[in-house]
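A.B. asks: Okay, here's the structure, questions in a sec.
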Amino acid sequence: MVKKGTVVLLRESIAANKNYINACLQEEVSVVCVSRETGKNKNMPFRAMFENNPQFWLQNDKWEFFLSNEDFASVQSAASEMGTAWEPSNAGQNEPKITETDQSFGKDYESLARMTDDERVQHIKEDKNRLVALIAMKPRQEQLVTEALVETTQNAMLHNHAALKKAMQLSNDEAKKQTQELVDSTRDLVKATSQLISENIFNDELMNKLVAKSNGTIIQHMTRVYLNGLAFLSYYNNLVSTSSIIAKLRISIDDRHRQYYRSLLPHIDMEDINLERVFLGGMRAITESNFYNWATGFLIHDIGKADAVEYHEGEAAYNRDIVIEHVKIGYNSVMSKTNYPKEAALITGYHHEYYGDPAGYGYFRAYLDEYRKANPQAKQSYTMTFDLAPILDFEALSYFPAKVLEIIDVFDSVTDPNRKYREAMTTDEALAMMEENFINKHHKIDLILFEIFSKFVREKQTH
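Going by the working numbering, the first residue of the sequence shown is number 1086, and it counts up by one from there.
Printed below as a string of structure tokens:
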């Protein structure tokens, strides 16, 4: 517990003098974060928190923020030497600051982050044209296709990350106007990527070699998850459209499936646990509109990973609060600062939910808790939905693309050859571990989707 008299309330200090913001950045001070619920406290760099949310001291109802007396004295001194009070809304509009942890996005991040908005959009359009040219090429060379997919994906992610950091300094309306062309050009790129992937099962070994050239753990992971996510959606669509898998599953759901889904829906009779109960509206192919919206969500799903990322990806100690924060940052930035489809935003905020397991987290946990309080008799009667409304209306436990992304995200994390803190698993080891820990011991990922994913991964290995 922080003793009164040893700290100064941050929001009151900044309200008195806006120069304290710039002074906090200049002096590299730490913020004492005190939980309103438990009274526990932790120290965080002011710069990291500011760059994730430029008004964090006003927009967080779970924490109160303080400066130590020593840090406040240095901030007061620095602020007194500044002239006119500095306004945060003007920060970084023209020249985004490149932080140390931004380097985790790879060696090319700094040069791309310095681009103007017009240059950024033009770069993405050129990348889209590169993919379109490959779509028209017959036959295609695997090396050229994979190289183009990796490079254009990484560029799009870096541009979106840099643009959103810049947009966070603007009002919502201004940010949406500024990012509109970026959103449009990125969406066009996603469509070209989706078409090229649907026509090619790319070589994992080749992709991993190309991805590794980025020298940035975050961007490597995001690239693999995005491309494998699109490949899986294409595989799933082909499977349900050209095979009898739906009919087989409807007929052959066995006791294991019923027990698994009954544990998620305990108020449903065992006899009523069927394929239509698992998939609200029935298991079906993904529409073109949903495919592109979900693909966009896959591309930007970890866009909230900024200065806090080393706590999640690197060798620093695991901090659950910071890990959770990247989900909130991603969701809020996509929803409030861009015109990306709501489907994409929901994926960013829901892709670690894990069917409500205590180990999971997601932006909508708090929303669902409040819904339960207001509607104590309400119960979710389906495990998964292809549509947005049933999630928000408390009909289904989960959102189909988020459940897909959970599986791919976990699989990539444990098979990533570049991770420093654990030895990479083989495909068979990873699938076995996921089945044991994420299905048998804990019901975190979806059983049917995992079975299809296992088939997808093993078939890819034979190509």
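Virtual Cβ for every residue (Gly too), placed ideally from N, Cα, C.
Are the CB atoms of M1253 and K1422 nearer to each other than 8 Å?
C.D. replies: As a first step, residue 1253 is located in the sequence shown; it is residue number 168 there, counting from the start. As a first step, residue 1422 is located in the sequence shown; it is residue number 337 there, counting from the start. Result yes, Cβ atoms of M1253 and K1422 sit closer than 8 Å.
A.B. asks: Does DSSP put L1152 in a helix, in a strand, or in coil?
C.D. replies: Walking along the sequence shown from the start, residue 1152 turns up at place 67. Residue state, collapsed to three classes: strand.
A.B. asks: Within 10 angstroms of the Cβ of K1526, are there 16 or more other Cβ atoms? Answer buried if so, exposed if not.
C.D. replies: Taking the sequence shown and counting its residues from 1, the one referred to as residue 1526 is at position 441. The residue in question, K1526, is exposed, as its Cβ has fewer than 16 Cβ neighbours within 10 Å.
A.B. asks: For P1426, which three-state DSSP category applies?
C.D. replies: For the purposes of this step, residue 1426 is taken as the residue at position 341 of the sequence shown. Three-state DSSP puts P1426 in coil, outside helix and strand.
A.B. asks: Using a Cβ-Cβ cutoff of less than 7 Å, which residues in the same chain neighbour L1281 once the five nearest sequence positions on both sides are dropped?
C.D. replies: The sequence position of residue 1281 within the sequence shown is 196, counting from 1. The residues are L1216, L1219, I1220, V1230, L1234.
A.B. asks: Within its chain, find whatever has a CB closer than 7 Å to the CB of R1121; leave out the 5 residues flanking it on each side and keep chain order.
C.D. replies: Within the sequence shown, the letter at position 36 stands for residue 1121. Excluding residues within five positions, the ones whose Cβ falls inside 7 Å are K1147, W1148, E1149.
A.B. asks: For the beta strand (DSSP E) that contains L1365, what are its first and last residues?
C.D. replies: Position 280 of the sequence shown, counted from the first residue, corresponds to residue 1365. Annotation for L1365: no beta strand (DSSP E) segment contains it, and DSSP assigns it neither H nor E.
A.B. asks: With DSSP run on the structure shown, which of helix, strand or coil describes A1248?
C.D. replies: In the sequence shown, counting from the first residue as 1, residue 1248 sits at position 163. If DSSP states are grouped into helix, strand and coil, A1248 belongs with the helices.
A.B. asks: Kindly indicate the opening and closing residues of the alpha helix (DSSP H) around K1488.
C.D. replies: Working through the sequence shown from its first residue, we reach residue 1488 at position 403. Looking at the DSSP string, the run of the alpha helix (DSSP H) that includes K1488 is 1485-1500.
A.B. asks: Could you give the first and the last residue of the continuous beta strand (DSSP E) run that contains N1126?
C.D. replies: Here residue 1126 refers to the residue found at position 41 of the sequence shown. Where N1126 is concerned, the enclosing beta strand (DSSP E) stretches over 1126-1130.
A.B. asks: Does DSSP put Y1446 in a helix, in a strand, or in coil?
C.D. replies: For the purposes of this step, residue 1446 is taken as the residue at position 361 of the sequence shown. Coil, per DSSP.
A.B. asks: Starting from the N-terminal side, write out each stretch of the alpha helix (DSSP H) that is 4 residues or longer and does not extend beyond the region 1322-1382.
C.D. replies: 1330-1337, 1340-1349, 1360-1363
A.B. asks: In the DSSP assignment, find the unbroken alpha helix (DSSP H) run with V1206 in it and report its ends.
C.D. replies: As a position in the sequence shown, residue 1206 is number 121, starting the count at 1. 1202-1221 is the span of the alpha helix (DSSP H), which, as asked, contains V1206.
A.B. asks: So, for L1473: in the same chain, excluding its five sequence neighbours on each side, which residues have a beta-carbon less than 7 Å away from its beta-carbon?
C.D. replies: Numbered from its first residue, the sequence shown carries residue 1473 at position 388. Here the set comprises K1427, E1428, L1431.
A.B. asks: Could you spell out where the beta strand (DSSP E) holding F1468 opens and where it closes?
C.D. replies: Translated into the one-based positions of the sequence shown, residue 1468 becomes position 383. What sits at residue 1468 in the sequence shown is Thr, not Phe. Element bounds for T1468: 1467-1470.
A.B. asks: Does DSSP classify L1473 as helix, strand or coil?
C.D. replies: Here residue 1473 is taken as the residue at index 388 of the sequence shown, counted from 1. Coil.
A.B. asks: If I follow the unbroken alpha helix (DSSP H) through S1256, where does it start and stop?
C.D. replies: For the purposes of this step, residue 1256 is taken as residue 171 along the sequence shown, with counting starting at 1. Unbroken run through S1256: none, as it is neither H nor E.
A.B. asks: Please work out which residues of its chain come closer than 7 Å, Cβ to Cβ, to V1579, disregarding the five sequence neighbours upstream and downstream, and give them in chain order.
C.D. replies: The question about residue 1579 has no answer here: the residues shown for the chain are numbered 1086 through 1548.
A.B. asks: Quick check: what's the CA-CA separation for R1096 versus F1151?
C.D. replies: Along the sequence shown, read from residue 1 onward, the residue named residue 1096 stands at position 11. Along the sequence shown, read from residue 1 onward, the residue named residue 1151 stands at position 66. Taking the straight line from one Cα to the other gives about 8 Å.
A.B. asks: From this set, T1372, H1437, K1540, I1388, which residue's C-alpha is nearest N1245's C-alpha?
C.D. replies: Position 160 of the sequence shown, counting from 1, holds the residue named residue 1245. It is I1388 whose Cα lies nearest to the Cα of N1245.
A.B. asks: If I follow the unbroken alpha helix (DSSP H) through V1296, where does it start and stop?
C.D. replies: The residue you call residue 1296 lines up with position 211 of the sequence shown. Taken as a continuous stretch (DSSP letters only), the alpha helix (DSSP H) holding V1296 covers 1289-1296.
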